[in-house]
Structures are given as C-alpha cells and as structure tokens.
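The structure is reproduced here in structure tokens:
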C-alpha cells in the first residue's frame, strides 16, 4: 500500500511539473507576441476564432504524425522519431509562437487519448518541451521580420537550440526520471544503447550519440519541408488570394 501511495505521488508530482512547464512555454510565447504587437501597433487579439480553429486543425495533423513514430537505427527502441513538428512549425510561422505551443500541447493530449503512453509520460514531456525549444526560437525570429531569410535563420537557430537543450535535458532530467518512473535501472538503459553502438557506455555518450543526431535529423527535415511548402500554402492559411 505504501509503495502504491509513493508511486502515485511520484506520478502526480511529475504531471504537475509537466503542467508547470506547459504554462511556462505559453507565458513566454504570449509575452513575446504582446511585445511584437505593441511594437507594431497591432491591436488584434492573440487568439482569434480563426486562429483557434486552425490550431485545432494543425494539432490533429500533428497528432497523427506523432502516432506514426518509428525507431531509429542508432538509438535504443524507446527513442522514436516523428515529424509532428512539421504542422506545428507551419502553424508557428502562420499564427505565431502562442499557436506553436498550443499545437504542441494539444498534439500530446490527443496522442495520449488515442495511444496512451509507453514511457511513463516521460517521452511525452520530452516531445513537448524539446519540440517547443525548436518552435519558439524559429517562430520568434520569424515573428519580428517575416521574410525567407529570417525563416531560414529561425529554423537553423531552432534546430541548434533543440539539439543542445534536448541533449542536456535528456542527460540531466529525462533519462533519470524515466529510469525512476519506469522502474528500469539507468545501467540497463545505457546497455541498450551500448548494444547498438559500442561507443555508448554512459549517460553522456548515450545522449551525444543518440539524442543529438536524432534532433539534428528531425530539425533539418522539418525545416527543409517547411521551407519548400510554406510559401505555397501561406495564402490559404491567411485567407488571402
């Protein structure tokens, strides 16, 4: 009974931490958008009815792509690659940082409703937070000057921030938390990586040889596809000819 209560409290604390990080991402995005609107004298609400509707559409597409994740050959099986940040980045460029964070959060909620979690929610937190570290820099840079050059710069910066933050966050918090909540010794997780790549023999080498290249790959592919299609679909998203 005591073990059950302890497990419940651990999961409750983790969920509260998750929600706290969600709130922090929303606040950062909201403050940046308000500053940009104030600078340009724009009085439009941050979330209009049209924006909310489009956030719903992009969240649904992102959730489908998230469910269609797949393992990668250079990382343990619990690391999965997906391209759900693609609709989120398009939504971020079209509607701003707040929309980006809301798409990411709604995507995770929809994924949990339809598929559940296989990583004691740690993977879901990782996907949200690390996704936001890609989307927020990219959308904020593009927000203040909307041109192709800034879009490219934003994508490059976003990919770098996601890679650096994702690597550190996995090493310091996510992997130890996954081991704690899933009841799997950290040494066993490292051994999974070692079987795939003999150079992996610690938490640091695991994140360097598995997490970092995965985030670079994801950021690069999502950025390239967005650059190729955004200009073509932008008039549709903004309801202009």
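Numbering (the numbering used here), first residue to last: 3 to 243.
Ideal placement from N, C-alpha and C gives every residue a C-beta, glycine not left out.
In this text the structure is predicted, and so the values were computed from the model without any measurement.
Q: Just the C-alpha distance for residue 134 and residue 203, rounded to the nearest angstrom, thanks.
A: One C-alpha to the other measures close to 29 Å.
Q: Count the other CB atoms, across all protein chains shown, that sit within 10 Å of the CB of residue 43; report buried if there are 16 or more and exposed otherwise.
A: exposed
Q.
Less than 9 Å between the C-beta atoms of residue 208 and residue 192, yes or no?
A. yes
**Q.** For residue 109, the residue or residues it bridges with in DSSP
**A.** Residue 109 pairs with nothing; no bridge assigned.
Q: Give me the Cα-Cα distance between residue 194 and residue 107, rounded to the nearest whole angstrom.
A: 30 Å
Q. I think residue 83 touches residue 228, with their Cβ atoms under 8 Å apart; what is that distance to the nearest whole Å?
A. Under the criterion of beta carbons closer than 8 Å, residue 83 and residue 228 do not qualify as touching, at roughly 17 Å.
(Q) Can you find the residues in the same chain that come closer than 6 Å, C-beta to C-beta, to residue 233, ignoring five residues on each side of it along the sequence? (A) none
Q) Is the stretch 22-30 close to the stretch 61-70, with three or more CB pairs under 8 Å? A) By the Cβ test, the stretch 22-30 is not in contact with the stretch 61-70, since fewer than three Cβ pairs between them sit closer than 8 Å.
(Q) Using only the alpha-carbon positions, how far apart do residue 31 and residue 175 sit? (A) 23 Å
Q: Go through the stretch 28-69 residue by residue and report every complete run of the alpha helix (DSSP H) that reaches 4 residues or more, in order.
A: 51-69
Q | Simplified DSSP assignment, three categories, for residue 95 | A | helix
**Q.** Enclosing alpha helix (DSSP H) for residue 184 [first to last residue]
**A.** 177-184
Q) What is the DSSP secondary structure of residue 80, counted as helix, strand or coil? A) coil
Q: Please name the residue, chosen from 139, 131, 146, 85, that lies closest to residue 60 on a Cα-to-Cα basis.
A: If we check each option's Cα against that of residue 60, 85 comes out closest.
Q) Which word fits residue 19, buried or exposed, when buried means at least 16 other C-beta atoms lie within 10 angstroms of its C-beta? A) exposed
Q | Rounded separation between residue 205 and residue 155 - CA only | A | 31 Å
Q | Closest by C-alpha distance to residue 215, when choosing among 72, 179, 168 | A | Looking at 72, 179, 168, the one whose alpha-carbon comes closest to that of residue 215 is 168.
Q) Assuming residue 125 contacts residue 165 under a Cβ cut-off of 8 Å, what Cβ separation, rounded to an integer in Å, is found between them? A) With 8 Å as the limit, residue 125 and residue 165 do not qualify as a contact, their Cβ atoms being about 18 Å apart.
Q. Just reading off the alpha helix (DSSP H) that residue 158 is part of, what are its end residues?
A. Bounds of the alpha helix (DSSP H) holding residue 158 are 150-171.
Q.
Measuring only the C-alpha atoms, how far is residue 187 from residue 75?
A. 22 Å
Q | From 23, 110, 36, residue whose alpha carbon lies closest to that of residue 145 | A | 36
Q) Got a sec? Which residues, its chain only, sit under 6 Å from residue 130 by beta carbon, not counting five neighbours each side? A) Answer for residue 130: 106, 110, listed in chain order.
Q) Looking only at its own chain, which residues have a Cβ that is under 6 Å from the Cβ of residue 68, when we skip the five neighbours before and after it? A) Cβ neighbours of residue 68 beyond the five flanking positions: 84, 86, 109, 113.
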